[in-house]
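Number of protein chains: 2
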Amino acid sequence: MTEVEATDHLILEAAREVFLKKGFAGARMEDIAKTAGMNRALLHYYFRSKRELFQIVFDKHFTELQSGLQDILSSEVILTEKIQLIINFYLDKLEANPDLPAFIIQELTVNPERLFLLIKEKQRLPGRTRLVFEEQVREAVRKGRIREIDSRHLIINILSLVVFPYIGRPYAKMFLELDEPSYNAFLKIRRREISSFILKSIQP
Amino acid sequence: MTEVEATDHLILEAAREVFLKKGFAGARMEDIAKTAGMNRALLHYYFRSKRELFQIVFDKHFTELQSGLQDILSSEVILTEKIQLIINFYLDKLEANPDLPAFIIQELTVNPERLFLLIKEKQRLPGRTRLVFEEQVREAVRKGRIREIDSRHLIINILSLVVFPYIGRPYAKMFLELDEPSYNAFLKIRRREISSFILKSIQP
DNA sequence: GTCTATAGCTGGATAGAC
DNA sequence: GTCTATCCAGCTATAGAC
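For the record, the sequence lines run as chains A and B.
Residue numbering for the first sequence follows our numbering, beginning at 5 and increasing consecutively.
Residue numbering for the second sequence follows our numbering, beginning at 5 and increasing consecutively.
Dropping the structure here:
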């Protein structure tokens, strides 16, 4: 790694940290600079603008999540195991980056057009992989292995149960009256809870 | 209603509209003023600051949601019906105010301390009503009417399934490749889907 | 009460010395 | 490449005329 690459990397790490915690609007170039151990001017020397820096961080995280999900959806494993894989893939990511969902959702809400550019760029429309999953669900229903259910609702249900406790963390903490460590413990146990909840609900 | 009250009300309505759509940081006093048909100076004449205006709007919506939920949780109806009531209460609110969850979550994420002030002010800790619900769930489990489940996970599951499709709307729309009207239709059907999903998953 | 004008601050971006 | 100094836009908030 050359020195420039190393500095690039240092800045991107700092940017990741600050943007994930504060979002685009809330983040200050000053904070990123300090975290990276330099001043604002140098930041702008390496990356023209705040927006550019943000896009790099955002695109990396979003693409990682999305292509991970699509890989699993289009893979050739039986339905129940596939559901398990999705849950574990997401929860692993979220345990490592608890702020990730809020970060992504907030940006998509402010800036929904970006999504289509990103998807087109990566040449990977969700439709195709979703159709594979849809067919698999229909097949399972036909064979009587699960109850009648629309695959779109199923996938949204899975994502809801996995992601909401992270986006809604401050609310859930208050409601359940748990402090940070207790809430994290709650989330740990929850991994198993989500699986059985979903598997139970699609039983024939 | 006096003239002052009418103007107050006019401003609060405008503020509600703008804050819900843009959040605190994204909202501009100029936008609120225009929506209310006046200029910024007059806004400041009626409400000292942007923060004050925001708090009024936020507190009203949050308290409404929260006390509605607590009323249902502590009411005396059987468990399955109670679940149904929660789902319908939330979905009615969300259909009328699709931006509400993102608005609330975003503020709580940036400003979690406010929550405790709000709760204390209203003299209404969630703990007590949660305990009623907890006991009800335990009772249902004991009587073999539902399977063994932790009431805390159950309530978080319900909220997840109801709220996520609204917070994650831009993501879900892209993933399911639906335009705005189709997605709204999807959400309409979903109301029934959520009920059966939950009720199925807690069967003994 | 309602307006115009403007003060004052915050924060992204750039110039220019080293 | 890295820094200090500075510019400038955007926005909240207030002063002051009417």
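No residue lacks a Cβ here, since even glycine has one placed at the ideal position from N, Cα and C.
For residue i, the first and last residue of its enclosing alpha helix (DSSP H)
{"i": "K54/A", "result": "K54 to S78"}
{"i": "I87/B", "result": "L83 to A100"}
{"i": "P169/A", "result": "S155 to I171"}
{"i": "I198/A", "result": "E184 to S205"}
{"i": "L121/A", "result": "E117 to E125"}
{"i": "L130/B", "result": "The amino acid occupying residue 130/B in the given sequence is Pro; Leu does not appear at that position. P130/B -> alpha helix (DSSP H) spans P130 to R146."}
{"i": "R44/B", "result": "R44 to Y50"}
{"i": "I11/B", "result": "One detail in the question is off: residue 11/B reads as Thr in this sequence, not Ile. Here the alpha helix (DSSP H) through T11/B covers E7 to G30."}
{"i": "E111/B", "result": "L104 to V114"}
{"i": "I150/A", "result": "No alpha helix (DSSP H) holds I150/A; DSSP gives it neither H nor E."}
{"i": "A37/A", "result": "M33 to T39"}
Residue burial classification, residue i (beta-carbon count within 10 angstroms, cutoff 16)
{"i": "Q74/A", "result": "buried"}
{"i": "P169/B", "result": "buried"}
{"i": "I108/B", "result": "buried"}
{"i": "D96/B", "result": "exposed"}
{"i": "N188/B", "result": "exposed"}
{"i": "R55/B", "result": "exposed"}
{"i": "A45/B", "result": "exposed"}
{"i": "F120/A", "result": "exposed"}
{"i": "I32/A", "result": "Note that residue 32/A corresponds to Arg in the displayed sequence, not to Ile. Looking at its Cβ environment, which holds fewer than 16 other Cβ atoms inside 10 Å, R32/A is exposed."}
{"i": "L69/A", "result": "buried"}
{"i": "V141/B", "result": "buried"}
{"i": "R173/A", "result": "buried"}
{"i": "T6/B", "result": "exposed"}
{"i": "R146/A", "result": "exposed"}
{"i": "G27/B", "result": "buried"}
{"i": "A124/A", "result": "For the sequence presented, residue 124/A should be read as Lys rather than Ala. Burial call: exposed."}
{"i": "A144/A", "result": "buried"}
{"i": "A29/A", "result": "exposed"}
{"i": "E197/A", "result": "buried"}
{"i": "N161/A", "result": "buried"}
{"i": "L165/A", "result": "buried"}
{"i": "L57/B", "result": "buried"}
C-beta atoms of residue i and residue j nearer than 9 Å
{"i": "F179/B", "j": "I159/A", "result": "yes"}
{"i": "G131/A", "j": "E181/B", "result": "yes"}
{"i": "V167/B", "j": "L98/B", "result": "yes"}
{"i": "I232/B", "j": "S205/A", "result": "The structure shown does not extend to residue 232/B, since chain B is modelled only from 5 through 208, so no value can be given for it."}
{"i": "T39/B", "j": "L122/B", "result": "no"}
{"i": "I150/A", "j": "P208/A", "result": "yes"}
{"i": "L24/B", "j": "L104/B", "result": "yes"}
{"i": "I171/A", "j": "A100/A", "result": "no"}
{"i": "Y94/A", "j": "L16/A", "result": "no"}
{"i": "L135/A", "j": "Y175/B", "result": "no"}
{"i": "K177/A", "j": "F137/A", "result": "no"}
{"i": "Q88/A", "j": "S199/A", "result": "yes"}
(request) Using a Cβ-Cβ cut-off of less than 9 Å, list which residues of the stretch 167-178 of chain A approach chain B; keep chain order. (result) V167, F168, P169, I171, G172, R173, P174, Y175, A176, K177 and M178
(message) Three Cβ pairs or more, each shorter than 8 Å: is that satisfied between the stretch 19-29 of chain A and the stretch 45-61 of chain A?
(response) yes
(message) Can you pull out the residues from the stretch 29-51 of chain B whose beta carbon lies closer than 7 Å to at least one beta carbon of chain A?
(response) A29 and G30
(message) Output needed in chain order: residues of the stretch 63-74 of chain A with a Cβ under 9 Å from some Cβ in chain B.
(response) Q70 and L73
(request) Decide yes or no for the touch test of the stretch 5-18 of chain B against the stretch 42-61 of chain B: beta carbon pairs closer than 8 Å, at least 3 of them. (result) yes
(request) Anything in the stretch 124-155 of chain A with a Cβ closer than 9 Å to a Cβ of chain B? List those residues in chain order, please. (result) L129, P130, G131, R134, R151, I153 and D154
(request) Count the CB pairs spanning the stretch 187-204 of chain B and the stretch 150-158 of chain A that are closer than 8 Å, and state whether there are at least three. (result) yes
(request) Closer than 9 Å, Cβ to Cβ, to anything on chain B: give me those residues from the stretch 189-205 of chain A, in chain order. (result) F190, I193, R194, E197, I198, S200, F201, I202, L203, K204 and S205
(request) Below 7 Å between beta carbons is the criterion; list the residues of the stretch 83-101 of chain B that meet it against any residue of chain A, in chain order. (result) none
(request) With 7 Å as the limit, tell me which residues of the stretch 8-32 of chain B have their beta carbon closer than that to any beta carbon of chain A; keep them in chain order. (result) A29 and G30
(message) If the cut-off is 8 Å on Cβ atoms, which residues from the stretch 110-124 of chain B count as contacting chain A, listed in chain order?
(response) Q110, L112, T113, V114, P116, L119, F120 and I123
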